[in-house]
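Written below as structure tokens is the structure these notes are about.
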Amino acid sequence: MLFRSCSATKEAAKNAAAGAGEAVKTAATGAAQQALGPAVTPVLDLLKKGEADLKAGNLGAAVTAMGGFQALWEKAGPVIQPLAGDKWGAIDTAAKAVSSTFSTGAKPDAAAAGSAISGLMGPLSALAGK
-16 MLFRSCSATK EAAKNAAAGA GEAVKTAATG AAQQALGPAV TPVLDLLKKG EADLKAGNLG
44 AAVTAMGGFQ ALWEKAGPVI QPLAGDKWGA IDTAAKAVSS TFSTGAKPDA AAAGSAISGL
104 MGPLSALAGK
């Protein structure tokens, strides 16, 4: 009888520890999502604006809007990097593609502009859970 009680106590402790671990993991994930919001949202908003301009057939407006990407990314990237984990490589590569596509004096065609925008919007949206 004592053995069964001890075994049940050990099992209860094990389940409690597993539950606590999940709670910590969930809280950490929630905190990371909250920290990402202020960094990711302005970048996603700019990408959506550029995408909307492209879909409306206004490449010039998209290029003008996306001209502000580099300055925005210089602030957002360092916040996003430590929270992105193993997704950072893809995000960084996509951000570099956006920067080069819309760098000062660049004259991208609509296909290149759309590809660069969607190439970053996808992984950033996934990271932010949007």
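Numbering (the working numbering), first residue to last: -16 to 113.
Ideal placement from N, C-alpha and C gives every residue a C-beta, glycine not left out.
- Out of A67, T84, G40, K90, the CA that lies nearest to the CA of A22 is found in A67.
- For G68, no alpha helix (DSSP H) run applies, since DSSP gives it neither H nor E.
- Annotation: P91 to A99 spans about 10 Å, alpha carbon to alpha carbon.
- Annotation: T87 is outside any alpha helix (DSSP H) and is labelled neither H nor E by DSSP.
- Closest option to P25, judged by alpha-carbon separation, among L42, M49, A39: M49.
- For A39, the three-state secondary structure derived from DSSP is coil.
- G97: member of the alpha helix (DSSP H) spanning 93 to 111, first to last residue.
- Here the segment 76 to 86 lies against the segment 96 to 110, with 3 or more beta-carbon pairs under 8 Å apart.
- Annotated as proximal: L19 and A111, with beta-carbon spacing under 8 Å.
- Scanning its chain for C-beta atoms nearer than 7 Å, with the 5 sequence neighbours on each side dropped, one finds around L107 the residues V23, V26, L27, I74, in chain order.
- Assignment of G50 by DSSP, reduced to helix, strand and coil, places it in the coil class.
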